[in-house]
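Scroll down for the structure; my scribbles are underneath it.
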Amino acid sequence: MASSEPWITLGRTLEASRRLFEDPSRDVLLATLDDAPVGFAVFTLIGPFSGYIQSLAVIPTARSAGIGSALMRHAEARIFEASPNVFLCVSSFNDRARDFYERAGYELIGELRDYFVRGHSELLFRKSRGPWNDFDANARSSEDDGQIIPAN
Ligand SMILES: CC(C)(COP(=O)(O)OP(=O)(O)OC[C@H]1O[C@@H](n2cnc3c(N)ncnc32)[C@H](O)[C@@H]1OP(=O)(O)O)[C@@H](O)C(=O)NCCC(=O)NCCS
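This is how it looks when you write it as structure tokens:
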């Protein structure tokens, strides 16, 4: 992660990358090929916008083989059990990842200017299965405390 874009431009160190995997509020999916790790997705079900995919990466030599899409499908399946929304951010300079998410049905909903580094934005995307009021409450997991749910 630390030696790959977009994290080089974002100034993400190896230490900061490691901390992401040690955070108990995060879920981690690992993709392996012949027992070797080739990709990961990190997401969280906790917080006001639960269902946030924080990081997704596949090692350069294993890209364009469907591994990133498979990681996304697994993360989404887990999130959609608990919430009708999946959120994620893409750096404004990461055009290929943006295309990848748009093809997977994500819609741009906002821009966070100068969020990590001056001159670059983080673009907030959402994939939705509909409003919270139509979401089956029985399908929600017990981990969804603290979400923003319409009060009426
Ligand atoms: C985005 C990423 C996870 C996709 O993983 P993947 O296993 O290559 O995904 P898939 O094989 O399912 O889909 C491939 C598509 O991803 C897109 N893609 C996005 N970034 C890419 C990259 N750096 N290299 C190759 N493909 C990339 C391409 O559109 C590609 O389509 P193509 O094969 O027709 O060219 C992977 O490319 C990656 O790790 N990129 C660098 C890290 C990154 O940008 N992560 C997203 C941060 S928000």
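For the sequence shown, my numbering begins at 2 and goes up steadily by one.
We treat Cβ as the ideally placed atom computed from N, Cα and C, and that holds for glycine.
Keep in mind the model is a prediction, meaning the values are calculated, not measured.
Nearest candidate by alpha-carbon position, reference residue i, set the options
| i | options | result |
| --- | --- | --- |
| A105 | V43, A32, S129 | S129 |
| R79 | G111, N134, R27 | R27 |
| L30 | Q55, F101, S84 | Q55 |
| A76 | Y116, L46, F94, R97 | L46 |
| V43 | F101, F136, R97, V87 | V87 |
| A32 | L72, R20, Y53 | L72 |
| L113 | L124, G120, R119 | L124 |
| G111 | F94, G120, R97, L89 | L89 |
| R64 | D36, R97, S93, G48 | R97 |
Residues bridged to residue i (per DSSP)
| i | result |
| --- | --- |
| S129 | N86 |
| E123 | S92, L113 |
| E108 | R127 |
Inter-residue spacing [alpha-carbon to alpha-carbon] between residue i and residue j
| i | j | result |
| --- | --- | --- |
| L11 | E108 | 23 Å |
| D24 | N134 | 31 Å |
| E103 | G131 | 18 Å |
| S84 | A3 | 30 Å |
| V91 | P38 | 23 Å |
| N153 | A66 | Caution applies to N153, whose pLDDT of 33 falls short of 50 and renders its modelled position unreliable; the value that the coordinates give is listed next. Between N153 and A66, the C-alpha separation is close to 45 Å. |
| W8 | F117 | 10 Å |
| Q148 | A17 | Caution is warranted here: a pLDDT of 42 is assigned to Q148, below 50, making its placement in the model unreliable, and the coordinate value is therefore given only provisionally. The straight-line gap from Cα to Cα measures roughly 26 Å. |
| F50 | E6 | 26 Å |
Length-filtered (4 minimum) alpha helix (DSSP H) runs lying within the segment 9 to 83: DSSP runs (the alpha helix (DSSP H)) wholly in the segment 9 to 83: 15 to 23, 68 to 81.
Environment of ligand 1 in chain order, Cβ to heavy atom below 6 Å: Screening all residues for a C-beta within a distance smaller than 6 Å of any heavy atom in ligand 1 leaves S5, P7, L57, A58, V59, R64, S65, A66, G67, I68, G69, S70, V91, N95, R97, A98, D100, F101, in chain order.
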